[in-house]
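Written below as structure tokens is the structure these notes are about.
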Amino acid sequence: MTDEKISIFVADLAAYNNGILHGIWIDATIGEDGIREEIQAMLEASPLEDGRAEEYSIHDYEGFGSLCIHEYESIAQVAAWAHFLEEHGAALGSAVLAYYDDIDEAQTALEDRYCGEFESVTEYAENLITDCYEIPAYLEGYIDYEKWGRDIELGGDIITFELGFREVHIFHSY
-13 MTDEKISIFV
-3 ADLAAYNNGI
7 LHGIWIDATI
17 GEDGIREEIQ
27 AMLEASPLED
37 GRAEEYSIHD
47 YEGFGSLCIH
57 EYESIAQVAA
67 WAHFLEEHGA
77 ALGSAVLAYY
87 DDIDEAQTAL
97 EDRYCGEFES
107 VTEYAENLIT
117 DCYEIPAYLE
127 GYIDYEKWGR
137 DIELGGDIIT
147 FELGFREVHI
157 FHSY
């Protein structure tokens, strides 16, 4: 996890269309109502004198990991993602959200199907076998954990997210 804040840069579209960049960075973890209040305050402080500041768009964002925030993304969606990422971390949270494409399903996966972080699928396979079975010493050298790990991944029994060097997060697929 990084120290990067989960935030969005929201700009006044009327000012932008008149060649003026007027906007603010907003902490996306303050919730939907808080974000909307910040946007309204920014629009009310518009440099345009004729009161045309009514519309806004998201021009930039940070702290959302691999998620892509679009210009007209729903504020409710942004706030929900920010809360999720604050709880689970940007790297893992955004990878799981991108995979499941549904915040409720992603939450369920993290709560019910998360197996943990391992250096590799091979390490996970070895841990699973040795935790479940008493392997006699004379058979230990004959078990191919790498192959078995590859088989359970390719067979769809597990879902993996490799987030860094020797940082593999594993989930049961069921």
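Numbering-wise (my numbering), the sequence shown opens with residue -13 and increments by one.
Heads up, the beta-carbon is just placed ideally off N, CA and C, and yes, glycines get one too.
Remember, it's a predicted structure, so these values are computed and weren't measured experimentally.
Same chain, Cβ closer than 7 Å to Y58, five either side skipped, listed in chain order: Numbered from 1 along the sequence shown, position 72 holds the residue referred to as residue 58. Closer than 7 Å at the Cβ level, and outside the excluded window around Y58, lie S43.
Own chain, CB closer than 6 Å to Y47, minus 5 neighbours either side, in chain order: Position 61 of the sequence shown, counted from the first residue, corresponds to residue 47. If we look at Y47 and ignore the five residues flanking it on each side, its Cβ neighbours are I(-6), I55.
Selection from I10, G102, G51 that minimises the alpha carbon distance to E23: As a position in the sequence shown, residue 23 is number 37, starting the count at 1. The residue with the shortest Cα to Cα distance from E23 is I10.
Sequence-distant residues of its chain with Cβ nearer than 7 Å to E153 (five each side left out): As a working mapping, residue 153 is identified with position 167 in the sequence shown. Excluding positions up to five away in sequence, the list reads E103.
Cβ shell of E234 (< 7 Å), same chain only, five flanking positions each side left out: Any answer about residue 234 is impossible in this case: the structure gives the chain only from -13 up to 160.
With 16 other Cβ atoms within 10 Å as the buried cut-off, status of S60: Taking the sequence shown and counting its residues from 1, the one referred to as residue 60 is at position 74. Per the 10 Å Cβ criterion, exposed.
Rounded distance between the beta-carbons of R99 and F157, thought under 8 Å: The count along the sequence shown starts at 1 and reaches residue 157 at position 171. The count along the sequence shown starts at 1 and reaches residue 99 at position 113. Correct: roughly 5 Å between the Cβ atoms.
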